[in-house]
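> Under the working numbering, the sequence shown is numbered contiguously, ending at residue 515.
A virtual CB, placed ideally from N, CA and C, is assigned to each residue, including glycine.
Predicted model, so just to flag it, every value in this text is computed and none were measured.
This is the structure I want to talk about, given as structure tokens.
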Amino acid sequence: MDDDGDFVIVWTSYDQDGSGSGIYAQRYNGNGIPQGSEFRVNSTTMGRQDNPAIAMDADGDFVITWDSYGQDGDLYGIYAQRYNASGSPQGSEFRVNSHTTGSQAVPAIGMDADGDFVITWQSYGQDGSVMGIYSQRYNASGVPQGSEFRVNSYTTSHQYPSTVGMDDFGNFIIAWSSYEQDGSGMGTYAQRYNASGTPQGSEFRVNSYTTGNQWVPNIGVDTDGDFVISWVSDGQDGSGEGIYAQRYNASGVTLGGEFRVNTHTADHQRGVWIGIDSVGNFAITWISDGQDGSGFGVYAQRYYASGIPQGGEFQVNSHTTNNQLVSIIGMDADGDFVIAWTSDGQDGSGNGVYARRYVVHQNDAPRMATGLFPRLPDWWRKAKTNPGDTVENVIHSVSPEVLITDLNTEALQGFCVMDATNLNGTWQYSLDAGMTWNSLANSSSSSARLLDPSAKLRFVPYKKKFRGDVGLTVTAWDQTTGSDGDQVDATTRGGTTAFSSDSTEVRLTVLKKKPKKRNQ
């Protein structure tokens, strides 16, 4: 994410580019609105392109990196593509690894505020012993800074996978897993570098607990270089795998001891990812086996910069059928964040990519004008069906700038339905353009229904002979909390909430005769 909360989600898609797997991405603004369409990242489509990673600078320029099979002449190689903040490619895709023998795979990327970046990956056989960690620095124009370099000093057996974080000034830290270096299975190690790529001290072990495996780390670095490393630990929490973390200041000095992140410890918690804001507040996300009642689900925990938890761990995915996997997080300078994951079967075909936004900065509740009554089109009671109308059109039936106002820039609009009681029929809503309809009959301030501008509303009379005016009580919803179709408690409104303290009535007239078309 950039400093304003704009973000890009990148993923692997199978058979979409016509040959194996390819890399695709979608841009969003700070309100979560898509910017353009999804786009293919890799120019070379032959074979497989997998394991994408992305980093973004303060202004929204970004770089995507991935591994590509056979493109560099021998198994996997590392490639990347630069983009400006508008999503326009800057130059062509380029190979990152200089050493091409064997496989160079599973890249990670970090970027500073000005767009300078570093890419790190695992290389097979290059350090003389199975697998090692290598890296390459670039300036913001994509020009390599020096040559690729080995990160791990200890080279025996396996060092993989790697992760990297960079502060606003270009100083960076690379972390990885190393086999049997700590005396028992995999351990997590790291190396600090200054902005010129000079190592700061020696590589160091991150995990204090060494029994079994402590591996697959992720790292978050704040503006000034303070950082947090998190990893998966086998058996430490008493049941399968758990999530642990360690805080450091910019000089690499530990801040407190390592700590367990997950509260729920049954079965496995794995797949860790960290997001961190400009002052060091951070959030960690992971996947948890069986906690949501069906396979793996996505969970997260927020922390202050001091390491004190903000609230408890929370479930991210609302759809729980099958597995939700591979959770990642991006956080902007103010602490707002987005968590994305893959969901098995939710989109109807294999795995799909889903995300949820969280806004934690101070919000001003929207204002809804009183005395104005937005309307649905009049409806002829003898018509076979009522097609309804979108919330967006209902808002525009008055004036969106007058009906709903908000002190927050680029604020979104929507309705929070608080009362749909009517003795003459049923108010209904649809989230799929009128394909299916659901009743609003039980709506109340403590059980209100959220509807974004794309949702539809309609009224269905109980009796064909009914005619007259009907109303639906709504207040404004700015979409900073909740999602389209959610049922929420809106008894507390105004202030910093997502709901206006005032409400109005959406009206509709059921006519005896066929109505004239409403002027557009």
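Please name the residue, chosen from T486, G270 and L418, that lies closest to M(-4) on a Cα-to-Cα basis.
The residue with the shortest Cα to Cα distance from M(-4) is G270.
> Please classify M181: is it buried, with 16 or more other beta-carbons within 10 angstroms of its beta-carbon, or exposed?
With 16 or more other Cβ atoms within 10 Å, it is buried.
> According to DSSP, is N419 part of a helix, a strand, or is it coil?
In this structure, N419 counts as coil in the three-state DSSP scheme.
> Would you check if the distance between the CB atom of R462 and the CB atom of R370 is smaller than 8 Å?
Not a contact, by the Cβ cut-off of 8 Å.
> According to DSSP, which residues form a beta bridge with Y298?
Beta-bridge pairing links Y298 to F277 and P304.
> Do the segment 472 to 488 and the segment 332 to 347 touch if we need at least three Cβ pairs shorter than 8 Å?
The answer is no - the segment 332 to 347 does not touch the segment 472 to 488, with fewer than three Cβ pairs under 8 Å.
> Grab the span of the beta strand (DSSP E) containing N46 for me, first residue to last.
Element bounds for N46: Q44 to M51.
> Do the segment 493 to 507 and the segment 425 to 434 make contact, defined as three or more Cβ pairs closer than 8 Å?
In short, these stretches do not touch, since the Cβ pair count stays below three.
> Near G429, what residues of its chain come up, given a Cβ to Cβ distance below 7 Å and the 5 sequence neighbours on each side ignored?
These residues qualify, in order along the chain: P382, G383 and K451.
> Got a sec? Which residues, its chain only, sit under 8 Å from Y204 by beta carbon, not counting five neighbours each side?
Same-chain partners within the cutoff: S228, Q231, Y239 and E253.
> From what residue to what residue does the alpha helix (DSSP H) around E405 run?
First-last for E405: undefined, no H or E at that position.
> Rounding to the nearest angstrom, what Cα-Cα distance links N202 and A261 in this structure?
Computed Cα separation, rounded: 21 Å.
> Are at least three pairs of beta-carbons, each pair with one atom in the segment 482 to 493 and one in the segment 39 to 46, less than 8 Å apart?
Contact fails: fewer than three Cβ-Cβ distances are below 8 Å.
> Within its chain, find whatever has a CB closer than 6 Å to the CB of W422; leave out the 5 residues flanking it on each side and keep chain order.
Correct list, in chain order: A415, L435, F454 and L467.
> Less than 8 Å between CB atoms is the rule here; does S234 satisfy it with respect to chain B?
Reference to chain B is not applicable here, since this structure consists of a single protein chain.
> Going along the chain, which residues of its own chain have a beta-carbon closer than 7 Å to the beta-carbon of G288, five neighbours each way excluded?
Closer than 7 Å at the Cβ level, and outside the excluded window around G288, lie T315.
> What is the DSSP secondary structure of R90, reduced to helix, strand or coil?
Correct three-state label for R90: strand.
> Return the CA-CA distance between V5 and T365, expressed in angstroms with no decimal places.
Answer to the nearest angstrom: the Cα atoms are 43 Å apart.
> Excluding the five sequence neighbours on either side, which residues of its own chain have a C-beta within less than 6 Å of the C-beta of N276, listed in chain order?
Once the five neighbours on either side are set aside, the close Cβ partners of N276 are Y299, A300 and G330.
> If we call anything under 8 Å between Cβ atoms a contact, is N134 one with Q140?
Going by C-beta atoms, N134 is nearer than 8 Å to Q140.
> Quickly, what does DSSP pair K451 with across the bridge? List them, please.
For K451, which the question treats as bridged, DSSP gives the partners T385 and S425.
> CA-CA distance, M413 and T258?
Approximately 35 Å between the Cα atoms of the pair.
> Please identify the residue among G266, G477 and F410 whose C-alpha is closest to the C-alpha of S225.
Selected option, being the one with the closest Cα: G266.
> Can you list, in chain order, the residues of its chain whose CB lies under 8 Å from that of H94, leaving out five sequence neighbours each side?
So the qualifying residues of the chain are S118, Q121, Y129 and E143.
> With a threshold of 8 Å on Cβ separation, who are the neighbours of Q11 within its own chain once the five nearest residues in sequence on each side are excluded?
Around Q11: G17, Y19 and R35.
> To the nearest angstrom, report how far apart I104 and S438 are at their CA atoms.
Distance between the alpha carbons of I104 and S438: 47 Å.
> Quick one: what's got a C-beta closer than 8 Å to T96's C-beta in the same chain, skipping five residues either side?
For T96, where only same-chain residues beyond five positions count, the Cβ hits under 8 Å are D69, G120 and Q121.
> Taking just the CA atoms, how far does K379 sit from A48?
Rounded to the nearest angstrom, the two C-alpha atoms are 52 Å apart.
> Between S157 and W116, is the Cβ-Cβ spacing less than 8 Å?
Yes, these two residues count as a Cβ contact at 8 Å.
> Less than 8 Å between the beta carbons of S498 and V469, yes or no?
In contact: S498 and V469 (Cβ atoms closer than 8 Å).
> Buried or exposed: which applies to Y457, given that a residue is buried once 16 or more other Cβ atoms fall within 10 Å of its Cβ?
Answer is exposed; the Cβ neighbour count stays below 16.
> Taking L435 as part of the beta strand (DSSP E), name the residues at either end of that continuous run.
Counting along the chain, L435 falls outside any beta strand (DSSP E), and DSSP gives it neither H nor E.
> DSSP has R488 in a bridge; who is on the other side?
Bridge partners of R488: none, in fact.
> Express the C-alpha separation of S152 and V519 in angstroms, rounding to a whole number.
There is no way to answer for residue 519, as the model of the chain reaches only from -4 to 515.
> Excluding the 5 residues preceding and the 5 following L446 in the sequence, name in chain order all residues of the same chain whose CB lies nearer than 7 Å to its CB.
Around L446: V386, G409, F410, V412, Y424 and D479.
> What residue range is occupied by the uninterrupted beta strand (DSSP E) comprising P102?
Looking at the DSSP string, the run of the beta strand (DSSP E) that includes P102 is Q99 to M106.
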